[in-house]
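Engineer: First the structure, then my questions, so here it is.
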DNA sequence: TCCTTGGACGAACACCGTTCTACGAGTCGA
DNA sequence: TCGACTCGTAGAACGGTGTTCGTCCAAGGA
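Residue numbers (UniProt numbering), protein chains in the order written: chain U, 1 to 235; chain C, 1 to 235.
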C-alpha cells in the first residue's frame with residue numbers, strides 16, 4: 001500500500017464541519033431570526049447565509065429568489081396568529097376586532113414583516129385559513145356573498161397597512177426617537193401652520209394628534225364594521 | 001497676443017457643455033421622469049444623475065439623501081391632484097368618492113409612487129391642502145371633531161394602499177402578464193382547494209374573483225363612508 | 001465499481017446609496 | 001487687478017446588495 005500522500009499546500013482542504021444540512025425550512029427559520037434581530041432591511045441573502053455558515057449561493061438551491069424567501073417567512077409568521085375555535089355570528093363585530101388585534105400583535109412582533117404582505121395576494125396556507133374563517137363568519141352573519149367576499153379585501157388591507165404603520169413607529173422608537181417628543185414636534189408644526197390657508201388643521205392640532213396607535217386602529221376597524229353592518233338585509 | 005495653446009492630450013478637458021445648472025426642482029422633475037419611465041425601483045441616484053449628464057455625487061448638494069428626494073417627488077405628484085373648488089356637505093359622500101378616484105388616477109399614473117407615502121405622515125403642502133379640505137368637509141357635515149380627525153387617517157390609508165395595489169397590477173400587466181389569465185389561474189387555484197378545509201373559499205371561487213379594481217375600490221370607499229355616517233348625530 | 005446527480009459554494013457581475021476629496025468658476029474685499 | 005475664499009461640480013472609491021457561473025464533492029443507483 002502506498003503511504004498517504006501529503007496535501008499539496010495550495011490545495012487547501014475544504015472545511016469539513018458536518019453542519020446540519022440546509023433545507024427550505026431551516027433557511028426560513030434563520031431568515032426569521034435575522035428579521036427579528038435586525039428588521040426587514042437586515043434580511044439579505046448574504047446575512048442569512050452567513051448565519052448558516054455558508055455563502056449566499058447556497059440558498060438558491062432551496063429558494064428560487066429573495067421574494068420567495070420573504071413570502072415563506074411571511075407565511076411562517078402568519079401561522080402564529082391564533083384564530084378562535086369557531087365563528088360566533090351573534091358577536092361577529094367583537095370577534096373580528098379581536099382577530100384584527102391578534103393579527104397586529106403577531107405581525108408587529110416580527111418588526112416590519114407586514115411590508116411583505118402589502119400588494120401580495122395571501123395564498124399561503126395559514127393566510128387562506130384566516131380568510132376562510134372570516135368568510136365563513138361574514139356569511140353566517142347574513143351578509144350578501146359578494147359583500148362578504150369584497151370585505152375580506154378591505155379587512156386584509158386594514159390589518160396589513162396598520163401593522164406596517166405600527167412597525168414604522170416601533171422602529172423609530174427602537175432607534176431612539178422619543179415618540180412623545182415626536183408627536184410634540186408634529187403638534188407644534190400643525191400649530192405653526194398659517195391660519196388663513198389651513199384654519200381647521202391649525203385650530204384642531206390637539207385633536208389631530210390625540211390617540212395612540214391602538215385607539216386609532218380600533219376606530220378604523222369599528223368604522224369599517226359599521227359600514228359592513230349597513231349591508232345586512234333588514235332583520 | 002499669444003496664439004491659443006493646444007490642449008495637453010492627457011488633460012482631458014472637462015466637458016464644457018453649459019448645461020442647465022442643477023437645482024432642487026430640476027432634480028425632482030428628472031426623478032419624476034425616471035419614475036414614470038422605469039418605476040420606483042428604477043429611480044436611483046445614479047440613474048437620475050446620468051439623466052442630468054452628471055454623477056450621483058452632484059445631487060447631494062441639493063438633496064440630503066434619497067429619502068428626501070422621494071418625498072419631494074411624492075409632493076410633486078400629489079400637487080397634480082385636482083381638488084373641488086369648495087366642499088359640498090349636502091353630497092359629501094359623493095364628493096369624497098370623487099376625490100378618492102381623482103387621487104387614485106394621479107397616483108397610479110405615476111407608477112408605484114404611492115409606496116413612498118405608505119407609512120409617512122403627509123406634511124407636504126399639497127398633501128396638507130387635501131387634508132385640510134377633507135377635514136373641513138367632514139366637520140361641515142356634522143361629524144364630531146375627533147371622528148373627523150381620525151377618519152382622515154383611514155381615508156389616507158385607503159387611498160395609498162389601493163393606489164399601491166393598483167400599481168402592482170399595472171406593473172404586472174406592463175411586464176406582459178395577461179391579467180385575465182392571471183385571474184383565471186387564481187380562480188382555478190381556489191377551485192382546487194380541498195373542500196373539507198376551505199369549503200367557503202372553494203364554493204365561492206367565482207364570487208371571490210369577481211370585480212375589477214375600480215369596483216372593489218368603490219366598494220371599500222362606500223363601506224368606510226357608511227361607517228362614518230353612523231357617527232353623525234341623529235338629525 | 002462506476003457514473004450520474006444534485007447540493008454546496010467561492011468568485012464574480014452589475015448594481016446600489018453615500019462619502020471623500022480635488023477641482024474650477026465665481027464673488028468679494030483689498 | 002489680484003488674491004482669498006466659497007460653493008457647486010464631479011471622479012473615485014467604500015461597503016454593501018441580489019443573482020449567476022462554474023467547479024467541486026459526496027451520496028445513490030445501475
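Backbone N, C-alpha and C define an ideal beta-carbon position, used for all residues, glycine too.
According to a CB-to-CB cut-off of less than 8 Å, which residues of the stretch 200 to 225 of chain C neighbour chain U?
Structural biologist: 200, 201, 204, 207, 208, 210, 211, 216, 219, 220, 222, 223, 224, 225
Engineer: Touch check for the stretch 32 to 47 of chain C and the stretch 61 to 79 of chain C: three-plus C-beta pairs under 8 Å?
Structural biologist: yes
Engineer: What's the C-alpha gap between residue 150(U) and residue 208(C)?
Structural biologist: Roughly 7 Å between the two C-alpha positions.
Engineer: With 16 as the cutoff for other CB atoms within 10 Å, does residue 65(U) come out buried or exposed?
Structural biologist: Exposed is the call here.
Engineer: Given this structure, state the Cα-to-Cα distance separating residue 215(U) from residue 60(U), to the nearest angstrom.
Structural biologist: 43 Å
Engineer: Please compile the residues from chain U whose C-beta is within a distance smaller than 8 Å of the C-beta of residue 149(C).
Structural biologist: Under the 8 Å cutoff, chain U gives 204, 207, 208, 210.
Engineer: Given a limit of 8 Å on CB to CB distance, which residues of the stretch 83 to 101 of chain C reach chain U?
Structural biologist: none
Engineer: Give me the chain C residues within the contact set of residue 168(U), using Cβ-Cβ distance strictly less than 7 Å, ordered along the chain.
Structural biologist: 119
Engineer: Could you list which residues in chain C have their beta carbon closer than 7 Å to that of residue 230(U), in chain order?
Structural biologist: For a Cβ distance threshold of 7 Å, residue set 226 of chain C lies close to residue 230(U), ordered along the chain.
Engineer: So residue 68(U) is in the alpha helix (DSSP H); what residue range does that whole segment cover?
Structural biologist: 66 to 78
Engineer: Give a yes or no on whether the minimum CB-CB distance between residue 173(C) and chain U is below 7 Å.
Structural biologist: Taking 7 Å as the threshold, the shortest C-beta distance from residue 173(C) to chain U does not fall below it.
Engineer: Could you work out which residue in 63(U), 158(U), 181(U), 192(U) is closest to residue 107(U) when comparing CA atoms only?
Structural biologist: Measuring from the Cα of residue 107(U), the nearest candidate turns out to be 158(U).
Engineer: With a threshold of 7 Å between beta-carbons, can residue 164(U) be considered close to chain C, or not?
Structural biologist: Cβ-Cβ to chain C under 7 Å: yes for residue 164(U).
Engineer: Take residue 221(C) and list the residues in its own chain whose beta-carbon comes closer than 7 Å to its own, dropping the five residues that flank it on each side.
Structural biologist: So the qualifying residues of the chain are 97, 100, 158.
Engineer: My assumption, with CB atoms under 8 Å, is that residue 38(U) sits in contact with residue 112(U). Please give the rounded CB distance.
Structural biologist: Their Cβ separation, rounded to whole angstroms, is 11 Å, which puts residue 38(U) and residue 112(U) out of contact at 8 Å.
Engineer: Here's a check: name, in chain order, each residue in its chain whose Cβ is nearer than 7 Å to the Cβ of residue 140(U), leaving out the five neighbours to either side.
Structural biologist: 87, 89
Engineer: Buried or exposed: where does residue 94(C) fall if 16 or more other Cβ atoms within 10 Å of its Cβ makes it buried?
Structural biologist: It counts as exposed.
Engineer: Run down chain U in chain order and give the residues with a C-beta less than 9 Å from the C-beta of residue 154(C).
Structural biologist: Going along chain U in sequence order, the residues near residue 154(C) (Cβ under 9 Å) are 158, 216, 219, 220, 223, 224.
Engineer: What are the boundary residues of the alpha helix (DSSP H) that residue 29(U) is part of?
Structural biologist: Looking at the DSSP string, the run of the alpha helix (DSSP H) that includes residue 29(U) is 24 to 38.
Engineer: I'd like the span of the alpha helix (DSSP H) that includes residue 228(C), first residue to last.
Structural biologist: 213 to 229
Engineer: Enumerate, from N- to C-terminal direction, the unbroken alpha helix (DSSP H) stretches of 4 or more residues contained entirely within the stretch 100 to 157 of chain C.
Structural biologist: 114 to 117, 125 to 141
Engineer: The alpha helix (DSSP H) with residue 201(U) in it runs from where to where?
Structural biologist: 199 to 203
Engineer: Tell me whether residue 63(U) sits in a helix, a strand or coil according to DSSP, three-state version.
Structural biologist: coil
Engineer: Buried or exposed for residue 117(C), please, with buried defined as at least 16 other CB atoms from any protein chain shown within 10 angstroms of its CB.
Structural biologist: Answer is buried; the Cβ neighbour count reaches 16.
Engineer: Any chance the stretch 184 to 199 of chain C sits against the stretch 115 to 132 of chain U, with 3 or more Cβ pairs inside 8 Å?
Structural biologist: yes
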